[in-house]
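To keep things clear, I will list the structure first and then write my remarks on it.
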Amino acid sequence: MRKSHKLGSRSFLGSNQATERHPTELSSTGETIAGNISHEHNAISLFRAAATGNIALLERLRQSGADICSVGVDGSNALHAAARAANVQAVEYLLSLGVSSKEYNGKGRVPLHEAALGGNWKVVSVLMRNNCDSNGSISSPDILAPYIIQSEKVSAIGAFIQHFGKQVIDQGDRPLLLLAARKSPAIMSLLLSHENLKITQGGSWRTSALHIAAESGNVEVLRLLLTYPGTNINAQRLLRLRGESIYRATPLQVALIFGHEEMVRFLLAQKELKFDGSYPWPKEEIHLTMKFRQYRMGQILLQDHRVQHNDLISPLLREIAEGNEDKALDLIRRDISFLPAYQVDAWQNPFNWAIALGYSNLAKRLMESPVIDVNAGKGQNFLPTEIAAGNGDQTTMELLIGHPSVIMGGRPLYEAVKHNHLSMVELLLSCPKINVSTSAPLTEAVKQGNHEIIRMLLRYPRIDVNAKPADWDDTALSMAVRRGNLDIIRLLLDHPMIDVNATIIYSDRNSTALDIALRRDATTIIEILRSYGAKTVKELKQSLQ
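So in full-length UniProt numbering, spot 37 of the sequence shown is number 37, and the numbers just go up one at a time.
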């Protein structure tokens, strides 16, 4: 049986897919359910008796020949059931009969972990005293911490800290970090009653409790953390964002990126707050909201008094941010000659922000001016066409398509697909300016799992069904195989131009769709691909010899 210390592991008795089943169902290692009704009844009774602490029934079952140590189909034994139900008597009784406390169930948990999840420290103590872990890995504070924290039981967490010492709060799996992601102010207060904690110090996770609270949007928890002596509201920590890149970010920047409005407003109100780059206004932060399409967060920053009272910021942008459309139009009518000076920095380009915030009338009026760059933002942020496409703003997109100077490229189509705007995809496909051979929109549609958009793209005559966003990226078919979506795989294979043997880099080596399916042991997909003439990279090389 495979062991795992990962919380929420999906390993399941050797199966590739976890299935939630009642532990009273017998595994194939015992007699079959169909073959022995009495055995089934005993097993059900055993797990129920363990969970309810019915010692008399457990004893009767043992005396009648029931296997007290039997394991359910999910890998759990009776001790798991008793520990999960926090039944001390049943746990002690089963331990006295030799029921294994080292048995891992399908979720990678031993009975001790189930007890910790239940938040009953007495049961946890009994299992730890039983020498259930000779080398300490099962019962180490690093392993127990995630389970104890998930229980959200103040008494259990307090006992955990008392037993192992204050150092467990910000070491190992870091209860402080785990708790920062949960909305439990009472438990956070318990942890913060200890001195010399590392509130803003990164560790193996390369982040801090402050940053995790900001990412989770837990204002009350973050408020508590900020009251702790020595906490730095402007601390920068490494943060992996959307699996793509790592940035050094402050808690404010984290909250902006994840779109937590209440958190952003709370942080902006703190007098100790400083903006990145030592600017007296949130220049870098506004830029970040454009980069991550958090336009509402950008609007909040633009409404901040440090922007509204700043003459270095475009007056038109300040009116747009406040939603003063009439005043903005009046500014445009009176004097638009000042606009070019504010188009250099895409983060404060009034035209881009008018589109981002959905002011199509303003965008139209600005487009009529010869001084407006309708392709502003190239190389820095999203272009106006990409902003409109990602927002699903057809009114503005039609205006942009009709403008003689607009460069369409392929990114607007990609953005429309990524954000599942079916009508926008249809509009862009009807535009002669659109370049469907760049950005591989079909691969993105498969990634999003949008069948309607996939069918629409496959009907388009100029679509490249084998395109990749980059040399190391997926084709639409390899993405569908990795996602295991049979319907989409069949849709793609039925296209006359599909290359069933197109190669990509997968797990650091050249792979076809069939190679990927074989590595995943996806039997049905393998059969489908084979029926369309799919080969492995090795088979392709052999066929050329």
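Cβ atoms here follow ideal geometry from the backbone N, Cα and C, with glycine treated the same way.
Asked                                                                                                                                                 : Found
Does DSSP put N510 in a helix, in a strand, or in coil?                                                                                               : strand
I'd like the span of the beta strand (DSSP E) that includes L241, first residue to last.                                                              : 237-241
For the 8 Å Cβ check, are there 3 or more pairs between the stretch 323-336 and the stretch 280-298?                                                  : no
Under 8 Å, do L224 and P185 count as touching if we go by C-beta distance?                                                                            : yes
Does DSSP put G298 in a helix, in a strand, or in coil?                                                                                               : helix
Pick helix, strand or coil for A86, following the three-state DSSP scheme.                                                                            : coil
Which one of V126, Q167, L179, G165 has the shortest CA to CA distance from Y147?                                                                     : L179
Using only CA atoms, which one of S278, G217, L362, L477 lies nearest to L317?                                                                        : L362
When you compare each of S437, K468, S439, A476 to I454 by their alpha carbons, which one comes out closest?                                          : A476
Using 8 Å as the threshold, is the C-beta distance between E272 and I212 below it?                                                                    : no
Which term fits N105, buried or exposed, when burial requires 16 or more other beta carbons within 10 angstroms of its beta carbon?                   : buried
Nearest-angstrom Cα distance between N324 and L312?                                                                                                   : 19 Å
Who are the Cβ neighbours of I169 in its own chain at under 8 Å, not counting the five residues just before and after it?                             : I161, P175, L176, L191, H194, L197
Please return the same chain residues whose Cβ sits closer than 6 Å to the Cβ of R21, not counting the five positions on each side in sequence.       : Per-residue confidence for R21 stands at a pLDDT of 39, beneath the threshold of 50, marking its modelled position as unreliable; no derived number is given.
Verify whether the separation of the beta carbon atoms of A115 and A83 is less than 8 Å.                                                              : yes
By Cβ distance below 6 Å, which residues in the same chain neighbour S204 in space, the five residues on each side in sequence not counted?           : Only weak support exists for where S204 lies, its pLDDT of 48 falling under 50; the coordinates are left without a value.
Would you call F12 buried or exposed, if buried means 16 or more other Cβ atoms sit within 10 Å of its Cβ?                                            : Any reading at F12 is ruled out, since the residue's pLDDT is 21, under 50, leaving its predicted position unreliable.
So L267 and P251 are in contact, right, with Cβ under 8 Å, and what is the actual spacing, rounded?                                                   : 6 Å
Let me confirm a value: K538 is counted as buried when at least 16 other C-beta atoms fall within 10 Å, else exposed. Which label applies?            : exposed
Using 10 angstroms around the beta-carbon of M497, count the other beta-carbons present and answer buried if the total reaches 16, otherwise exposed. : exposed
Specify the secondary structure class of G533 as computed by DSSP and reduced to three states.                                                        : coil
With distance defined between alpha-carbon atoms, name the residue in T227, G217, R182, I187 nearest to T200.                                         : T227
For R223, which three-state DSSP category applies?                                                                                                    : helix
With DSSP run on the structure shown, which of helix, strand or coil describes I286?                                                                  : helix
Would you say D393 touches the ligand MN, meaning its beta carbon is less than 7 Å from a heavy atom?                                                 : Only the bare structure without any ligand can be found here, which leaves the ligand MN out of the picture.
Which complete alpha helix (DSSP H) runs does the stretch 419-502 hold, if anything under 4 residues is left out?                                     : 422-429, 441-448, 451-459, 476-483, 486-493
Pick out whichever of S439, A388, N450 has its Cα sitting closest to the Cα of L427.                                                                  : A388
Please return the same chain residues whose Cβ sits closer than 6 Å to the Cβ of E368, not counting the five positions on each side in sequence.      : none
Please state whether DSSP places I37 in a helix, a strand or coil.                                                                                    : Bear in mind that the predicted position of I37 carries a pLDDT of just 39, short of 50, making it unreliable; the figure below should be weighed with that in mind. It is helical.
I528 by DSSP, collapsed to three states: which one?                                                                                                   : helix
Measure the beta-carbon distance from L79 to L61 and round it to whole angstroms, keeping in mind my assumption that it falls under 8 Å.              : Incorrect: roughly 14 Å between the Cβ atoms, too far for contact.
For a minimum of 4 consecutive residues, which ranges assigned as the alpha helix (DSSP H) are wholly contained in the stretch 134-195?               : 141-151, 154-164, 175-180, 185-191
Roughly how many angstroms separate the alpha carbons of H421 and H451, rounded to a whole number?                                                    : 12 Å
Quick one: what does DSSP say R520 is sitting in, helix, strand or coil?                                                                              : coil
In terms of residues, what are the limits of the alpha helix (DSSP H) holding L208?                                                                   : It is worth fixing the name first, because residue 208 is Ser in this sequence and not Leu. It is not in any alpha helix (DSSP H) - S208 carries neither H nor E in the DSSP assignment.
Please state whether the Cβ-Cβ distance between H355 and D326 is less than 8 Å.                                                                       : Correcting the residue type first, residue 355 is Ile in the shown sequence and not His. Not in contact: I355 and D326 (Cβ atoms no closer than 8 Å).
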